[in-house]
Amino acid sequence: MATMHAMVLDAPHTPLVMRERPVPAPGPGEIVVAVAACGVCRTDLHVVDGELEHPTLPIVPGHEIVGRVAALGQGVSGFSIGERVGVPWLGATCGVCPYCCSSTENLCDMPVFTGYTRDGGYATHAVADARFCFPLGEAGEDAEIAPWLCAGLIGWRSYRLAGEGKTLGLYGFGAAAHILAQVARWQGRRVFAFTRKGDTAAQDFARSLGAVWAGGSEEAPPEPLDAAIIFAPVGALVPAALKAVRKGGRVVCGGIHMSDIPSFPYSLLWEERHVMSVANLTRSDAHEFLQVAPKAGVHCEVTRYPLARANEALADLREGRLQGAAVLIP
Ligand SMILES: [Zn+2]
Ligand SMILES: [Zn+2]
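Here it is as structure tokens:
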């Protein structure tokens, strides 16, 4: 029997452990993907650190999977063996709830999430529902497009919901922001990058990707912003971003978890400013972004880690030691 390796989380707050197991057979509608690269997302950190409740334990994290189809389950059409595919965070939906029936499958009542409620891509192989996988073609290197599968897709949803404004603030200049800065520049928008106070390396990185201004998140931008997206998991950034946007401006929270938002005066919200969160993705977000990214020439800055060093990659992300995105290579 063929075997695979996976980095497994047995319980939150414990390091992932390398395990060997048989390669699962694909069920009806599923494919087995031989993983070529898997991005490390902040959400993985929230799972490992116990900030997201009720993961299916033990769990293999990872939902930015690029790999090749190794086996097709019964009834799968539209994919062939050896084809390069991407597997995202949204692993499956129920298809019948009010959200699934109204173009908001990202809010499905009975969702399955890759690397959270079903095993993900910190492994040599992963099983996925074929309806939620995307053909990736052959352009681009595996590791460099892995961050597209979450930072890109959910970043894109956040970006779209931030509206059409010409000036955009990005709070937390990590994987998602570094992708969106490139898309925004391509679309002729002006990006203002906010980083941890004094993180001049991240600020230089943001400017190198086309940000017209970069500074600490406590600073005021040189002009009012049309919208801001917050990727850093820091609730205090909500009032900070509200202060930075113009009348009618939007603040979009793009992360799955955030520390508590401190209370703030109503005057920050007044004048029709909006605050909203973005949850998950729809398949149509994915199709849109996968069209846009190559046209925009999105290039991901990645740091590669061997699969066995997943704990180190997570620690580097936690400590802010990364520029761009971490990617595991099995
Ligand atoms: Zn549903
Ligand atoms: Zn993610």
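FYI, our numbering numbers position 84 of the sequence shown as 351, with every residue one higher than the one before it.
Glycine residues also receive a C-beta, built at the ideal position from the N, C-alpha and C atoms.
Should residue i be labelled buried (16 or more other beta-carbon atoms within 10 Å of its own) or exposed?
| i | result |
| --- | --- |
| V454 | Sequence inspection shows Gln at residue 454; the Val mentioned does not correspond to that position. Flag for Q454 reads exposed. |
| Q470 | buried |
| W537 | exposed |
| D552 | buried |
| E431 | exposed |
| M377 | exposed |
| G345 | exposed |
| R540 | buried |
| G362 | exposed |
| W462 | Looking at the sequence shown, residue 462 is not Trp but Thr. By the 10 Å Cβ count, T462 comes out buried. |
| I298 | buried |
| P365 | exposed |
Under a three-way DSSP split, which group does residue i fall into?
| i | result |
| --- | --- |
| H272 | strand |
| E555 | helix |
| W480 | strand |
| H445 | helix |
| G436 | strand |
| R244 | Residue 244 cannot be examined here, being either before or after the span of the chain that is shown, 268 to 597. |
| P289 | strand |
| R357 | A quick correction: the sequence has Leu, not Arg, at residue 357. Looking at L357 - three-state DSSP - the assignment turns out to be strand. |
| G528 | Residue identity check: residue 528 is Ile in the sequence provided, not Gly. Coil. |
| E408 | coil |
| G419 | helix |
| H321 | coil |
| P414 | helix |
| E486 | coil |
| C364 | coil |
| P573 | strand |
| K514 | strand |
| A278 | coil |
Am I right that residue i and residue j are in contact with their C-beta atoms under 8 Å? What's the rounded C-beta distance?
| i | j | result |
| --- | --- | --- |
| P515 | L492 | Per the sequence shown, residue 515 should be read as Gly rather than Pro. Contact doesn't hold; Cβ gap of about 11 Å is too wide. |
| I523 | T310 | 5 Å |
| A478 | F459 | 7 Å |
| R456 | L435 | 6 Å |
| I421 | N547 | 7 Å |
| M274 | A577 | 4 Å |
| V545 | V519 | 6 Å |
| G342 | G296 | 6 Å |
| I497 | G482 | Not really, about 15 Å apart at Cβ, beyond 8 Å. |
| H280 | G317 | 6 Å |
| A593 | D583 | 6 Å |
| T549 | E372 | 5 Å |
Going straight from the alpha carbon of residue i to that of residue j, what length do you get?
| i | j | result |
| --- | --- | --- |
| L589 | V300 | 27 Å |
| T270 | A487 | 54 Å |
| E287 | G294 | 20 Å |
| E408 | V569 | 11 Å |
| M285 | A575 | 7 Å |
| H313 | R427 | 24 Å |
| D527 | K433 | 29 Å |
| R585 | A390 | 21 Å |
| A507 | A473 | 19 Å |
| V450 | V512 | 20 Å |
| P529 | A503 | 6 Å |
| M608 | P289 | There is simply no residue 608 to check, as the chain begins at 268 and stops at 597 in what is shown. |
| A393 | G587 | 28 Å |
| Y572 | L595 | 5 Å |
| C368 | L374 | 11 Å |
| L319 | K562 | 35 Å |
| A278 | E490 | 46 Å |
| C308 | H321 | 18 Å |
| A499 | S484 | 10 Å |
| H272 | L581 | 18 Å |
Exercise for the section: Would you check if the stretch 403 to 421 and the stretch 323 to 335 touch, i.e. whether three or more CB-CB distances between them fall below 8 Å? Expected result: Judged by pairs of C-beta atoms under 8 Å, the stretch 323 to 335 touches the stretch 403 to 421, as three or more such pairs exist.
Handout entry: At least 3 beta-carbon pairs within less than 8 Å: the stretch 382 to 392 vs the stretch 320 to 331
Key = yes
Exercise for the section: Could you say if the stretch 346 to 357 and the stretch 395 to 406 meet the contact criterion of at least three C-beta pairs nearer than 8 Å? Expected result: yes
Problem - Any residue whose CB is nearer than 5 Å to a heavy atom belonging to ligand 3, listed in chain order - result: Looking at this structure, you won't find ligand 3 anywhere; what it does contain is ligand 1 and ligand 2.
Practice task
Flag this pair as touching only if the stretch 356 to 369 and the stretch 429 to 445 have three or more C-beta atom pairs under 8 Å; answer yes or no.
Solution key: Look at the beta carbons and you see the stretch 356 to 369 not touching the stretch 429 to 445: under three pairs across the two are nearer than 8 Å.
Practice task
Pair every Cβ in the stretch 525 to 545 with every Cβ in the stretch 554 to 571, then say whether three or more of these pairs are closer than 8 Å.
Solution key: Judged by Cβ distances under 8 Å, the stretch 525 to 545 makes no contact with the stretch 554 to 571, as fewer than three pairs qualify.
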